[in-house]
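Top line first, the protein sequences correspond to chains A and B.
To convert a position in the first sequence, counted from 1, into the working numbering, add 37.
To convert a position in the second sequence, counted from 1, into the working numbering, add 37.
2 protein chains.
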Amino acid sequence: MPDVRKLLRAPKNYKIKEEDAGRKPLSSGDKATDKQTVLEMAQRISALQDILYAQRKHKILIVLQGMDTSGKDGTVRGVFGQIDPLGVSCTSFKAPTELEKSHDFLWRVHPHVPGNGELAIFNRSHYEDVLITRVHEWIDEAECKRRHAHICDFERMLAETGTVIIKCFLHISNKEQKARLEERIVDPDKHWKLRPEDLEERQYWPDYLTCYTDAINATNAPHAPWYVIPADSKTHRNLAIASLVLETLESLDLAYPAGNPDYAKLKVV
Amino acid sequence: MPDVRKLLRAPKNYKIKEEDAGRKPLSSGDKATDKQTVLEMAQRISALQDILYAQRKHKILIVLQGMDTSGKDGTVRGVFGQIDPLGVSCTSFKAPTELEKSHDFLWRVHPHVPGNGELAIFNRSHYEDVLITRVHEWIDEAECKRRHAHICDFERMLAETGTVIIKCFLHISNKEQKARLEERIVDPDKHWKLRPEDLEERQYWPDYLTCYTDAINATNAPHAPWYVIPADSKTHRNLAIASLVLETLESLDLAYPAGNPDYAKLKVV
Numbered sequence: 038m039p040d041v042r043k044l045l046r047a048p049k050n051y052k053i054k055e056e057d058a059g060r061k062p063l064s065s066g067d068k069a070t071d072k073q074t075v076l077e078m079a080q081r082i083s084a085l086q087d088i089l090y091a092q093r094k095h096k097i098l099i100v101l102q103g104m105d106t107s108g109k110d111g112t113v114r115g116v117f118g119q120i121d122p123l124g125v126s127c128t129s130f131k132a133p134t135e136l137e138k139s140h141d142f143l144w145r146v147h148p149h150v151p152g153n154g155e156l157a158i159f160n161r162s163h164y165e166d167v168l169i170t171r172v173h174e175w176i177d178e179a180e181c182k183r184r185h186a187h188i189c190d191f192e193r194m195l196a197e198t199g200t201v202i203i204k205c206f207l208h209i210s211n212k213e214q215k216a217r218l219e220e221r222i223v224d225p226d227k228h229w230k231l232r233p234e235d236l237e238e239r240q241y242w243p244d245y246l247t248c249y250t251d252a253i254n255a256t257n258a259p260h261a262p263w264y265v266i267p268a269d270s271k272t273h274r275n276l277a278i279a280s281l282v283l284e285t286l287e288s289l290d291l292a293y294p295a296g297n298p299d300y301a302k303l304k305v306v
Numbered sequence: 038m039p040d041v042r043k044l045l046r047a048p049k050n051y052k053i054k055e056e057d058a059g060r061k062p063l064s065s066g067d068k069a070t071d072k073q074t075v076l077e078m079a080q081r082i083s084a085l086q087d088i089l090y091a092q093r094k095h096k097i098l099i100v101l102q103g104m105d106t107s108g109k110d111g112t113v114r115g116v117f118g119q120i121d122p123l124g125v126s127c128t129s130f131k132a133p134t135e136l137e138k139s140h141d142f143l144w145r146v147h148p149h150v151p152g153n154g155e156l157a158i159f160n161r162s163h164y165e166d167v168l169i170t171r172v173h174e175w176i177d178e179a180e181c182k183r184r185h186a187h188i189c190d191f192e193r194m195l196a197e198t199g200t201v202i203i204k205c206f207l208h209i210s211n212k213e214q215k216a217r218l219e220e221r222i223v224d225p226d227k228h229w230k231l232r233p234e235d236l237e238e239r240q241y242w243p244d245y246l247t248c249y250t251d252a253i254n255a256t257n258a259p260h261a262p263w264y265v266i267p268a269d270s271k272t273h274r275n276l277a278i279a280s281l282v283l284e285t286l287e288s289l290d291l292a293y294p295a296g297n298p299d300y301a302k303l304k305v306v
């Protein structure tokens, strides 16, 4: 396996390039083979999470960000769907409530970070507060810069207290989003996933690219790295994220806790 | 399939009978067949949960209670391990913290009940506060009675606000618990699951049976039913709980939301 973390890591001064969303650097060239590989990797992730849970040493935080229809939900099912519910949590951050808006933007996020032995998935995250909010000018540029700094501080604190952070930008092209939205329009069974506002949001596409680019560059630290996932192909997206998570987990000193010699002498009456 | 809810429902004036923990009323008689059935049911539960999530109408709460080693963790993996992490949460209630103890006993539980479209699993629950607490006389009989009433009120409120509640008592025999604890002692890889206190707790076995019996009888309502799961056989335990959950889900009006005719006219630019 190639060094996936190196391959997918957002480089310094990263700039989102539209044409790259369709590339498949990790593909075997055969879709059925890739799908099978994803399934096996998802099972391997589940097995490693079992050790993680028993060991209660590491905390894993997966942040999934991307445009509408970029496949965040599909990633949760495809890559993390095999994990024992005991040790995984998935938090979907929607538009904030009035109560949430009355606090700092990290207030609603903090309670959902993982504890020892846990793997937490953020389906959208605190990054929304420097993306949609900035695109629509609900915050000014100075506030956005402050928030970038707040995010850096928050994530460094998480990392220094034992959290392994994996941030994935699910990168789809404008053309692929159009196709996926049209699919949802044509199929009445998918109308529940569709919000007419999402279509209007497409006019801000270039602004979103700018905001994503700036957010990634401002917060792309070694202890909280950003990975760019080419996501026009759903299979390749899952293959890339599964590879990334697996490689990260395998780099940790995961092991079941050692036996306790005193316990071996216990008698059950 | 038999009417599993009727078959497993704790009867009026229920009394835990030790000898019943090994019975297998749902078994085909062949273990491999039963295991395959559990797997298929777990996948079907996952498929129905997908509709539940899309529909955002029903809330499902599964309460798992049982003696140490009765198989609560194994149930979570075996029955609910196929569900998309997007729509399932599992909360394991351990010994309460000082902060939790400074509140009423439902305070730490309430934030974890399911919302619309969610399935929440309680791995232990508010019932611990009328079990271990009563066995050790940390509360007196009058307080225990009040708590039974508090639980009834709380669960009725949850049911009346749209929560489908399934409470499972995982019933193992004293002999089976002994065997499972001895297994954990012999295998150093299982020492992390073992707490020497658990062995001492066995002296209170008859008291636990009394407290479970009373709790079940005091809170066994049609809208919050208790089911008794014969759990000496792990496969049968999973088979029984999967059947119960599946039958309950299939009794609901689960359906993907209808298409919106206005949406069909939308254009993506």
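Glycine included, each C-beta is placed from N, C-alpha and C at the ideal position.
Quick caveat, the model's predicted, so the values are computed rather than measured.
Fully enclosed alpha helix (DSSP H) runs of no fewer than 4 residues occupy 233-237, 242-256 of the stretch 214-268 of chain B, in order along the chain. Residue environment analysis places B/P298 among the exposed positions, since fewer than 16 neighbouring C-beta atoms fall within 10 angstroms of its C-beta.
Residue state for B/K94 is assigned as coil, using DSSP reduced to three classes. For B/S129, the secondary structure class from DSSP, reduced to helix, strand or coil, is strand.
B/L76 and B/V150 do not touch by the CB rule: their CB atoms are close to 29 Å apart, not below 8 Å. In this structure, the straight-line span from the alpha carbon of B/L207 to that of B/N275 is close to 10 Å.
B/A58 places its beta carbon less than 8 Å from that of B/D269. In the three-state scheme derived from DSSP, where H, G and I count as helix and E and B as strand, A/G118 is classed as coil.
Take A/S162, set aside five residues on each side of it, and the residues of its chain with a beta-carbon closer than 7 Å to its own are V100, Q102, F130, V146, in chain order. Beta-bridge partners assigned by DSSP to B/V201: B/I97. In the three-state reduction of the DSSP assignment, A/L156 falls in the strand class.
With respect to chain B, the C-beta atom of A/Y241 has no partner C-beta closer than 8 Å. Secondary-structure assignment with DSSP links B/L289 through no beta bridge to anything.
Below 8 Å, too few C-beta pairs join the stretch 221-239 of chain A and the stretch 193-205 of chain A to call them touching: fewer than three.
Under the three-state reduction of DSSP, B/H185 is assigned to helix. For the stretch 108-129 of chain B, the set of positions with a beta-carbon nearer than 8 Å to some beta-carbon of chain A reads D110, V113, R114, F117, G118, Q119, I120, D121, P122, L123, V125, S126, C127, S129 in chain order. Counting only the Cα atoms, B/S65 lies some 53 Å from A/E197. Of the residues B/W175, B/V125, B/V172, B/L236, the one whose Cα lies closest to the Cα of B/H95 is B/V125. Think of a sphere of 8 Å around the beta carbon of A/N160: the chain B residues whose beta carbon falls inside it are L123, in chain order. Of the other Cβ atoms in all chains shown, 16 or more fall within 10 Å of the Cβ of B/L236; this residue is therefore buried. B/P233 reaches chain A at D299, Y300, L303, counting residues in chain order whose Cβ is nearer than 9 Å.
From the listed residues A/Y90, A/W263, A/G111, A/C127, the smallest Cα separation to A/R217 is found for A/G111. Setting aside the 5 residues that flank it on each side, A/N254 is surrounded in the same chain by N50, Y51, each with a C-beta closer than 7 Å to its C-beta; the list follows chain order.
By alpha-carbon distance to B/V305, the top candidate from A/M104, A/E238, A/K271, A/R42 is A/E238. Excluding sequence positions up to five before and after A/V113, its CB lies within less than 8 Å of the CB of L101, C127, I158, N160, all in the same chain and listed in chain order. A/W229 has a beta carbon lying within less than 8 Å of a beta carbon in chain B. The DSSP-derived three-state label of A/L303 is coil. Against chain B, a Cβ distance below 9 Å from A/I222 picks out Y300, A301, K302, L303, K304, V305. In the three-state DSSP reduction, B/R145 falls in the coil class, being neither helix nor strand. Non-local C-beta neighbours of B/C248 in its own chain, meaning closer than 7 Å and more than five positions away in sequence, comprise V167, L168, R171, V172, ordered along the chain. Of all alpha-carbon atoms in B/D290, B/A258, B/E284, the one lying nearest the alpha-carbon of B/A47 is that of B/A258. B/E192 is a Cβ neighbour of B/T256, given a cutoff of 8 Å. The three-state reading of DSSP puts A/R161 in coil, since its state is none of H, G, I, E or B.
Judged by DSSP secondary structure, B/I169 falls within the alpha helix (DSSP H) whose first and last residues are 169-172. Proximity of B/D244 to chain A, defined by a Cβ-Cβ separation below 8 Å, is not satisfied.
DSSP places B/L45 inside the alpha helix (DSSP H), whose first and last residues are 41-45.
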